[in-house]
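The end of the sequence shown is residue 570 by the working numbering, with every number in the run present.
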Amino acid sequence: MSLLKGIAASNGIAIAKAYRLVEPDFSFEKKTIEDIAAEVERFKAALATTETELASIRDNAKVKLGADKAAIFEAHLLIISDPELINPIEDKIKIEQVNAEQALKETADMFIAMFEQMDNDYMKERAADIRDVTKRILSHLLGVEIVNPSTISEEVVIVAEDLTPSDTAQLNRQFVRGFTTDIGGRTSHSAIMARSLEIPAVVGTKDATAEIQNGDLIIIDGLKGEVHINPTSEVIAHYETEHQRYEAQKAEWAKLVNEKTISADGHHVELGANIGTPKDLEGVIENGGEAVGLYRTEFLYMGRDELPTEEEQFESYKAILEGMKEKAVVVRTLDIGGDKELPYLDLPEEMNPFLGFRAIRLCLEEKDLFRTQLRALLRASVFGNLKIMFPMIATLDEFREAKQVLEEEKEKLVNEGIPVADHIEVGIMVEIPATAVMAEQFAKEVDFFSIGTNDLIQYTMAADRMNERVSYLYQPYSPAILRLVKMVIDAAHKEGKWAGMCGEMAGDETAIPLLLGLGLDEFSMSATSILKARSQIVNLSKKDMEKLAEKALGMSTTQEVIDAVNHAVK
Ligand code: PEP
Ligand code: MG
Numbered sequence: 001m002s003l004l005k006g007i008a009a010s011n012g013i014a015i016a017k018a019y020r021l022v023e024p025d026f027s028f029e030k031k032t033i034e035d036i037a038a039e040v041e042r043f044k045a046a047l048a049t050t051e052t053e054l055a056s057i058r059d060n061a062k063v064k065l066g067a068d069k070a071a072i073f074e075a076h077l078l079i080i081s082d083p084e085l086i087n088p089i090e091d092k093i094k095i096e097q098v099n100a101e102q103a104l105k106e107t108a109d110m111f112i113a114m115f116e117q118m119d120n121d122y123m124k125e126r127a128a129d130i131r132d133v134t135k136r137i138l139s140h141l142l143g144v145e146i147v148n149p150s151t152i153s154e155e156v157v158i159v160a161e162d163l164t165p166s167d168t169a170q171l172n173r174q175f176v177r178g179f180t181t182d183i184g185g186r187t188s189h190s191a192i193m194a195r196s197l198e199i200p201a202v203v204g205t206k207d208a209t210a211e212i213q214n215g216d217l218i219i220i221d222g223l224k225g226e227v228h229i230n231p232t233s234e235v236i237a238h239y240e241t242e243h244q245r246y247e248a249q250k251a252e253w254a255k256l257v258n259e260k261t262i263s264a265d266g267h268h269v270e271l272g273a274n275i276g277t278p279k280d281l282e283g284v285i286e287n288g289g290e291a292v293g294l295y296r297t298e299f300l301y302m303g304r305d306e307l308p309t310e311e312e313q314f315e316s317y318k319a320i321l322e323g324m325k326e327k328a329v330v331v332r333t334l335d336i337g338g339d340k341e342l343p344y345l346d347l348p349e350e351m352n353p354f355l356g357f358r359a360i361r362l363c364l365e366e367k368d369l370f371r372t373q374l375r376a377l378l379r380a381s382v383f384g385n386l387k388i389m390f391p392m393i394a395t396l397d398e399f400r401e402a403k404q405v406l407e408e409e410k411e412k413l414v415n416e417g418i419p420v421a422d423h424i425e426v427g428i429m430v431e432i433p434a435t436a437v438m439a440e441q442f443a444k445e446v447d448f449f450s451i452g453t454n455d456l457i458q459y460t461m462a463a464d465r466m467n468e469r470v471s472y473l474y475q476p477y478s479p480a481i482l483r484l485v486k487m488v489i490d491a492a493h494k495e496g497k498w499a500g501m502c503g504e505m506a507g508d509e510t511a512i513p514l515l516l517g518l519g520l521d522e523f524s525m526s527a528t529s530i531l532k533a534r535s536q537i538v539n540l541s542k543k544d545m546e547k548l549a550e551k552a553l554g555m556s557t558t559q560e561v562i563d564a565v566n567h568a569v570k
């Protein structure tokens, strides 16, 4: 057995067989072929294997996912039997005497380029189908295995170099018991999604894909950040007990599900949930969320080939507002960029995506896209208690421009006779240090702040939130961060506004006493952290935490702050 250490990204314990989600090596060299007949046969054999494989995936998908999801594989089967594609490949092998891999690639590339240039969206999508089918045939020519997470039909732990947020969104909770990745940090979006899906995860292990083979028995300890590979029976027994202990603790916390979050000395704070899709609402209700403090709308735009329409967006926003029954729902406008990509926007690659053309910067440039989202939000506003929040605001000019666009869309709707709520609070994420420093000026114009510590910490410490090698600099309890947080809360209160936090720090056990002491009004976190946070806050005195926070602000190092919190509350 062996042990890997990483970053505890999502609580809980998982025990299951490993499933490697790793893209195989498709590289090959162009070769001149002597025995042409044998090469054509080799190509035909690869085609036949591909056909059998696709038919079985299609049958499987039909049973597990339904006929519409299976239709894509039906289309792939048609492609591999299409003489217009297959004959030119065989001709190339015969005439140019090249290996089957080369003939396949050259022919497929020609068709892909042809379909991609077409005006018609349907035909454009055929390019993606040919690319998929080509990969599959190539895998059989090269003898490498293609991974397809949608065919997983037994309990597994996913092992990957990294998981994109859209990979994570597609994981089937029924079979995927946990995951581990080589790279990533606690606030990378795959980790955030894991928490909302309640899948135990350890990220940033550096060596998971190098050390773990398909079928190895894996234990994911998402509480300690450990991954055990082929553990002994004693270790397995220990973890089975730990798992039960964790479940028992959850049952204890669950007793507070219908309670308000009131400190031991009577101060009320609001505990909200961060969500990524309307499906997450169930978890918010189950975990006693008092609000949705952050709806990351970018997930509506991901895992698809084109922008969502105004109508689709309206339906999602309406469902969430109605589902929360008059409780506040803070919807953040599109925050694409950083580790969240939208391939269909065709944005050029950037050297520093987290510092680049993202979020509000993109929305103010691509106004049509922004206006569509705002219209959908405004139309949905009459169905509940909507608050709108702009991400990555760095200057007052950006905020004013975004608000102006919102006002224009509101006026248009009113003129069209479409109902819009009378008063919608409009706030900003404070996740750029310049904005925290200028909070007093912002507070005069915004209705609320929500502190995005995931980004605020990375920008303040100049440490990429995705890079495990600099994760030691990711220090939420640093006096530097606490001072910025205090500036934001004080500025809001001076103008009679409220200040929340929707970065992961808001649900952190060591940070919570400090944030309560600093006067934070709203804490928004993964739904699965709410009950634990509530059970902590009801036992804390705000007055005592104010003294603790005051001391922490004057400290010199993060460790001093951690020691002071441990001393005060444990
Ligand atoms: C943050 O930056 O703290 C935040 C909540 O936004 P995201 O994690 O989506 O960047
Ligand atoms: Mg952010």
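For every residue, glycine included, the Cβ atom is placed at its ideal position computed from N, Cα and C.
Item to check | Of the residues Gly356, Asp335, Val414 and Asp305, the one placed nearest Pro343, counting alpha carbons only | outcome: Residue nearest to Pro343 within the set Gly356, Asp335, Val414 and Asp305 is Asp305 (criterion: CA-CA distance).
Item to check | beta strand (DSSP E) runs wholly inside the region 389-458, at least 3 long, in chain order | outcome: Within the region 389-458, the complete beta strand (DSSP E) segments at least 3 residues long are 425-430 and 448-451, listed from N- to C-terminus.
Item to check | Ordered list of alpha helix (DSSP H) runs contained in the region 38-83, each at least 4 residues | outcome: Counting only runs that start and end inside the region 38-83, the alpha helix (DSSP H) elements of at least 4 residues fall at 67-80.
Item to check | Beta-carbon contacts of Asn214 that lie in its chain and below 7 angstroms, excluding the five residues immediately before and after | outcome: So the list reads Ala18, Tyr19 and Arg20, once near-sequence residues are dropped.
Next on the checklist: Let me confirm a value: Val446 is counted as buried when at least 16 other C-beta atoms fall within 10 Å, else exposed. Which label applies?
Outcome noted: buried
Item to check | DSSP bridge partner residues for His493 (one or two, in chain order) | outcome: Paired residue(s): none; His493 is not in a bridge.
Checklist entry - beta strand (DSSP E) containing His267: first to last residue? => result Neither: His267 is in no beta strand (DSSP E) and is coded neither H nor E.
Next on the checklist: Nearer than 7 angstroms: is that true of the beta carbon of Glu311 relative to any heavy atom of the ligand PEP?
Outcome noted: no
Checklist entry - Considering Thr180, what are the terminal residues of the beta strand (DSSP E) in which it resides? => result Counting along the chain, the beta strand (DSSP E) containing Thr180 begins and ends at Val176 to Thr181.
Checklist entry - Between Glu407 and the rest of its own chain, which residues show a CB-CB distance below 7 angstroms, the 5 nearest in sequence each way excluded? => result none
Next on the checklist: For the ligand PEP, is there any heavy atom lying closer than 7 angstroms to the beta carbon of Ile192?
Outcome noted: Yes, the Cβ of Ile192 comes within 7 angstroms of a heavy atom of the ligand PEP.
Next on the checklist: Strictly closer than 5 angstroms from CB to any heavy atom of the ligand MG: give me those residues in the order they appear in the chain.
Outcome noted: Ordered along the chain, the selected set is Glu431, Gly452 and Asp455.
Checklist entry - Say the cut is 7 angstroms; is the CB of Asp305 nearer than that to a heavy atom of the ligand PEP? => result no
Item to check | Alpha-carbon spacing of Glu322 relative to Tyr295, whole angstroms | outcome: Going from the Cα of Glu322 to the Cα of Tyr295 covers about 14 angstroms.
Next on the checklist: For Glu42, tell me which candidate among Asp25, Met110, Tyr317 and Glu101 has the shortest Cα-Cα distance.
Outcome noted: The residue asked about is misnamed: residue 42 is Arg in this sequence, not Glu. Measuring from the Cα of Arg42, the nearest candidate turns out to be Glu101.
Checklist entry - Between the region 391-402 and the region 412-420, do at least 3 Cβ pairs fall closer than 8 angstroms? => result Too few Cβ pairs lie closer than 8 angstroms, so no.
Next on the checklist: Relative to the C-alpha of His76, which candidate in Lys44, Arg126, Ile89 and Gln97 has its C-alpha closest?
Outcome noted: Arg126
Next on the checklist: At a threshold of 7 angstroms, does Asp508 count as lining the ligand PEP (C-beta to nearest heavy atom)?
Outcome noted: No, since every heavy atom of the ligand PEP falls outside the 7 angstroms radius drawn around the Cβ of Asp508.
Item to check | Ala462, DSSP secondary structure in three states | outcome: coil
Checklist entry - Got a sec: does the ligand PEP put a non-hydrogen atom nearer than 7 angstroms to the Cβ of Gly503? => result yes
Next on the checklist: Ignoring anything shorter than 3 residues, give me the beta strand (DSSP E) runs that lie fully in the region 102-178, in order along the chain.
Outcome noted: 156-160
Next on the checklist: For the alpha helix (DSSP H) containing Val565, name the first residue and the last one.
Outcome noted: Thr558 to Val569
Checklist entry - Pairing CB atoms from the region 368-388 with CB atoms from the region 430-442, are three or more of them under 8 angstroms? => result no
Checklist entry - Just how far apart, CA to CA, sit Ala67 and Pro149? => result 18 angstroms
Checklist entry - Taking 7 angstroms as the line, does the beta carbon of Arg358 fall inside it for any heavy atom of the ligand PEP? => result no
Checklist entry - So who's on the other strand from Val235, going by DSSP bridges? => result According to DSSP, Val235 bridges with nothing at all.
Checklist entry - Who does Trp498 pair with in a DSSP beta bridge? => result Phe448
Checklist entry - What's the gap between the Cα of Ser2 and the Cα of Ala208? => result Whole-angstrom Cα-Cα distance: 11 angstroms.
Item to check | Residues of its chain near Val235, where Cβ-Cβ distance is below 8 angstroms and the 5 sequence neighbours each way are ignored | outcome: Met1, Ile219 and His228
Checklist entry - Can you give the Cα-Cα distance for Ile537 and Leu531, rounded to whole angstroms? => result 10 angstroms
Next on the checklist: Just to confirm the assignment, what range does the alpha helix (DSSP H) spanning Ile285 have?
Outcome noted: Leu281 to Glu286
Item to check | Segment contact flag, the region 509-522 with the region 545-556, C-beta cutoff 8 angstroms, min 3 pairs | outcome: yes
Item to check | His228 - partner residues in DSSP beta bridges | outcome: Leu3 and Ile219
Checklist entry - Which full runs of the beta strand (DSSP E) of 3+ residues lie inside the region 284-334, going along the chain? => result 291-296 and 328-332
Item to check | Counted within 10 angstroms of its Cβ, other Cβ atoms place Met114 as buried (16 or more) or exposed | outcome: With fewer than 16 other Cβ atoms within 10 Å, it is exposed.
Next on the checklist: Under DSSP, the beta strand (DSSP E) around Ala527 begins and ends at which residues?
Outcome noted: Here Ala527 belongs to no beta strand (DSSP E), and DSSP marks it neither H nor E.
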